[in-house]
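Per the numbering used here, numbering through the sequence shown is continuous, rising by one, with the last residue being 287. Virtual Cβ for every residue (Gly too), placed ideally from N, Cα, C.
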Amino acid sequence: MKFQGSQNYVATQDLMLAVNAAITLKRPLLVKGEPGTGKTMLAEEVAQALDMPLLQWHIKSTTKAQQGLYEYDAVSRLRDSQLADVDGGQRVKDIHNYIVKGVLWQAFTADQPVALLIDEIDKADIEFPNDLLREIDRMEFYVYETRELIKAKHRPLVFITSNNEKELPDAFLRRCFFHYIKFPDKDTMEAIVKVHYPTLKQDLLAQALQNFYEVRDVPGLKKKPSTSEFLDWLKLLLAEDIGPEALRSKDNKSVVPPLHGALLKNEQDVHLFERLVYMSRTNR
Ligand SMILES: Nc1ncnc2c1ncn2[C@@H]1O[C@H](COP(=O)(O)OP(=O)(O)O)[C@@H](O)[C@H]1O
Ligand SMILES: [Mg+2]
4 MKFQGSQNYV ATQDLMLAVN AAITLKRPLL VKGEPGTGKT MLAEEVAQAL
54 DMPLLQWHIK STTKAQQGLY EYDAVSRLRD SQLADVDGGQ RVKDIHNYIV
104 KGVLWQAFTA DQPVALLIDE IDKADIEFPN DLLREIDRME FYVYETRELI
154 KAKHRPLVFI TSNNEKELPD AFLRRCFFHY IKFPDKDTME AIVKVHYPTL
204 KQDLLAQALQ NFYEVRDVPG LKKKPSTSEF LDWLKLLLAE DIGPEALRSK
254 DNKSVVPPLH GALLKNEQDV HLFERLVYMS RTNR
């Protein structure tokens, strides 16, 4: 199993190396990076390239580790027991009918090796990663209600993503292979854009890239625009038929670009950028 990138996804050499290292080590690949740098998409693309089904678990602040294993639906069972005469009470007698399988269970018992994405693990509370250590390490867990041991038939290929909102515990980190997706440089970004807009004119692309990195380089921005925001902005430029000349003043100074709402998402950042543009124009 080797990942070589894909037609829809631009993977740098070191990212491909990291994916293959995680596969070799049989450890989860922990991918960090700014939002919008293609972490979620990486799991989708690797799964597709290696022809594995992808099970996705999107983590929220309220997600508990147990939900990834299974949940016992006691409420349904109680309700069914009160309506027991419907099917002679057969369903209620068997507790298996009230065990709801989580994604890890599904991944462990799938007939073929699968990829498993645990997306945005840093959203959950601090205990969450630790609570999954044993299951991810040993690839098994115990169901107390039914006294069953669920063991992985095939070890799933695990991707874990983090936007770096919280630190992860050391014991957890020890078990992962780590990769940080650096923000793409201009050449990589150009390649990414070409994947999405193969027919985009070169002069517009070159100018838009320049504007985009100018915005990103403004010191003190609260939220730097990411790859996905740049792609959105390009889509708008194309839809509105805006040419490269609108992204630059006549004397080749920076301007506040049209439709900058796709790039800058709060008023302080817009002010900051406008002030910088104003200063660069009066400073001639
Ligand atoms: N390397 C890349 N190749 C192609 N498209 C990319 C790449 N990185 C980001 N994108 C685009 O940016 C969007 C956001 O990516 P996503 O995986 O959701 O980011 P993250 O999970 O890191 O926040 C994707 O839908 C894709 O269109
Ligand atoms: Mg994501």
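- Within its own chain, the residues whose Cβ lies closer than 7 Å to the Cβ of A21, once the five positions on either side in sequence are excluded, are L32, F180, H182, listed in chain order.
- If only complete runs of 4 or more residues are kept, the region 101 to 132 shows the alpha helix (DSSP H) at 106 to 112, in order along the chain.
- Counting only runs that start and end inside the region 56 to 83, the alpha helix (DSSP H) elements of at least 4 residues fall at 68 to 72.
- In the DSSP annotation of this structure, H157 is not part of any beta strand (DSSP E), being labelled neither H nor E.
- By alpha-carbon distance to K256, the top candidate from W236, L239, H274, Y281 is Y281.
- Measuring C-alpha to C-alpha distances from R177 to each of L57, Q51, M44, N133 identifies N133 as the nearest.
- When DSSP states are grouped into helix, strand and coil, F186 belongs to the coil group.
- The Cβ atoms of L160 and M55 lie closer than 8 Å to each other.
- Annotation for A209: P247 place their beta carbon closer than 8 Å to its own, counting only its chain and skipping 5 residues before and after.
- When distances are taken from the beta-carbon of D122 to the heavy atoms of ligand 2, the shortest one is below 7 Å.
- Nearest in C-alpha terms to L136, of all of I163, E168, D244, K238, is I163.
- Residue side-chain check: K42 places its Cβ nearer than 7 Å to a non-hydrogen atom of ligand 1.
- Rounded to whole angstroms, W108 and A25 show a C-alpha spacing of 21 Å.
- The shortest C-alpha to C-alpha distance from W60 to any of L119, P187, N286 is the one to L119.
- Under the three-state reduction of DSSP output, I98 falls in the helix class.
- The three-state reading of DSSP puts V280 in helix, counting H, G and I together.
- In the structure shown, the three-state DSSP call for V259 is coil.
- Under the three-state reduction of DSSP, V221 is assigned to coil, being neither helix nor strand.
- Taking the CA atoms as reference points, G71 sits about 24 Å from R94.
- Residue range 42 to 52 is occupied by the alpha helix (DSSP H) that includes V49.
- Going by beta carbons, V198 and N23 fall outside the 8 Å limit.
- Per the C-alpha coordinates, the member of I62, N167, V259, K225 positioned closest to K185 is N167.
- C-alpha of L237 to C-alpha of P201: approximately 12 Å in a straight line.
- Counting along the chain, L20 sits inside the alpha helix (DSSP H) bounded by residues 16 to 28.
- In this structure, D244 sits away from A265, with a CB-CB distance that is not shorter than 8 Å.
- Here the C-alpha atom of G105 lies approximately 25 Å from the C-alpha atom of G41.
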